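Sequential numbering of the sequence shown, starting at 434, is according to the numbering used here.
In this text, a Cβ means the ideal position worked out from N, Cα and C, and glycines have one as well.
Being a predicted model, the structure only gives us computed values, none of them experimental.
Take a look at the structure below.
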Amino acid sequence: MTFNGPPRRCIRLAVDHLNKNSQLDERASRIYLDNAATSWPKPQSVLDAVADYYLNHGSAAGRGVAADAVQVDRAIQLVRAKLSALIGAEDSNHLAFAFNGTDALNMAIRGVLRQGDHVITSVLEHNSVLRPLHYLKQLGMIDLTIVDIAPTGIVDVEQLEDSIVNNTKLICISHVSNVLGTVQPVKEIGSIEKPDQCLFLIDGAQSTGHLPVDVNAFGCDFFASSGHKGLLGPLGTGFLYSSDRAIEQLEPYRLGGTGTSSEKTEQPNEMPFRLESGNLNVGGILGMGAGIEFIETKSVASVQSHLNDLIRQFLDFASDQTGIKVFALDQQNLGAGVVSFQIDSMSPSEVATVLDSQFGIQVRSGLHCSPLVHKTIGSDKLEGTVRISVGPSNTAEDIDSLIDAMAQLMSA
Ligand SMILES: Cc1ncc(COP(=O)(O)O)c(C=O)c1O
């Protein structure tokens, strides 16, 4: 395949590079700083778990009485229990596997909202929250309030509280912003006084595995997350935790075979079958289970402190440079492994293209699927930000290489 890119010099260089190196395996020496999109590399134990399933098992979970099918189902329930323990959920049946964070968010949003409901969300949110809500609003089903953030990148809790009305059914807020890295005051939001029917959904796509999660302490009714980011599982994994009161109101958004109550044409009401229609991504879930073990062996606290060190290292460099503008994070608020910036002389996409093509450093540029926050932070004029996002495998040397590359870029 030949790429015909735009004419600017640095993009031309990148296009030439792509044309010369169209094989993925030729990029083996890259430094990967895009863990907020999906984490890489996966631990060997994750790859081994996936390979073991496909090489030595291969049965569908919860389908049939063959010994292998039963064994695979048990292994899946073990991952369910492990993941429940990681997020502080008492009953592992309250945790449903999903195919990614988006799927989990849709399970909650599409599962509880009804005609005439009011929903509150924030400008920080990802399109996986904004689009389903916008769709329901366009249908005339819900009213939507979108609250602002302070210059610190933190949701305006007072504005959120003031937006609650009698028919507010759902509050959706991300735990960690995927653009700014800022950690949101979910405990405080969870403890706000709300009408009885009002449920609190946390989008934990950027926090699970990087920060301690305790669904009870957060006072949330839903916690939706990807399994392929901080949990280090394969793509195609995610999950939704639901509280007792959420389950009372929750309709399935995907219906079909569950391997249970097959004589009935109605969807089973029991959790997790209510939400888990169709074959699970067994290989992916077992891989995610190995990812959770990997994180637990290190401990979430030590992963968090490692990510903080790397972010601090970058901020130390950036704070000495007049040509770099970092959004929202500072030395006091190190966020959770994600930082966004712009440099004076180049657009974010040019920076990302040159870092990749000239230095083998993979970062992300653009809006990061979170369109509203850019207007608030003023990054919309340059079409978004450059985002670096670190994972447990990144090292201080990776950040040194980034800093070196940035220094060369800015002096060119
Ligand atoms: C905050 C946030 N929510 C939701 C998602 C969607 O997750 P997934 O890609 O697993 O569907 C992402 C992915 O980047 C995200 O950053």
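In terms of side-chain proximity, the C-beta atom of N611 is found nearer than 7 Å to a non-hydrogen atom of ligand 1. Going by DSSP, F706 is part of no beta strand (DSSP E) at all; its letter is neither H nor E. Between G717 and T670, the C-beta spacing is below 8 Å. Of the residues S624, Q548, Q682 and I597, the one whose Cα lies closest to the Cα of N649 is S624.
The distance from the Cβ of D654 to that of S676 is about 4 Å, consistent with a contact at the 8 Å cut-off. Remark: C-beta atoms of V772 and G614 approach each other more closely than 8 Å.
Residue environment: V498 is assigned as exposed (fewer than 16 neighbouring CB atoms within 10 Å of its CB, all protein chains considered). Between the alpha carbons of N539 and Y674 lies a gap of roughly 13 Å. Between the region 564–575 and the region 698–712, the count of Cβ pairs shorter than 8 Å is below three; the stretches do not touch. Under the rule that a run must span 3 or more residues, the beta strand (DSSP E) segments found entirely inside the region 529–607 read 550–555, 575–580 and 601–607.
The beta carbon of H551 sits closer than 6 Å to those of D576, V598, N600 and T601, all from its chain and outside the five residues before and after it, given in chain order. Closest option to L466, judged by alpha-carbon separation, among D749, L743 and V609: L743. According to DSSP, residue pairing for D636 in a beta bridge involves S607 and A657. Put simply, the backbone Cα of S732 is about 44 Å away from that of Q571. Contact between L815 and S780 is confirmed by a C-beta separation of about 5 Å, below the 8 Å threshold. Annotation for L719: the continuous alpha helix (DSSP H) segment containing it runs V715 to K731. Of the heavy atoms belonging to ligand 1, none sits nearer than 7 Å to the Cβ of S472. One Cα belongs to E681, the other to L566, and the distance between them is close to 21 Å. For A829, same chain residues with a beta-carbon under 8 Å away, outside a window of 5 residues either side, are D742, L743 and Q746 in chain order. A distance criterion of 7 Å places the beta-carbon of G716 beyond contact range of ligand 1, judged by its closest non-hydrogen atom. Taking each of P476, G495, R463 and T471 in turn and checking the Cα distance to N714, the smallest one comes out for G495. In this structure, ligand 1 has no non-hydrogen atom nearer than 7 Å to the beta-carbon of A508.
Beta-bridge analysis with DSSP links S798 to V819. Ligand 1 has a heavy atom closer than 7 Å to the beta-carbon of G534.
In the DSSP assignment, Q754 falls outside any alpha helix (DSSP H), carrying neither H nor E.
In this structure, C653 has its beta carbon at no less than 7 Å from each heavy atom of ligand 1. Assigned with DSSP and collapsed to three states, Q617 falls in coil, not helix or strand. R678 sits away from S710, with the two beta carbons spaced by 8 Å or more. With contacts defined as CB atoms closer than 8 Å, V619 and I635 qualify as a contacting pair.
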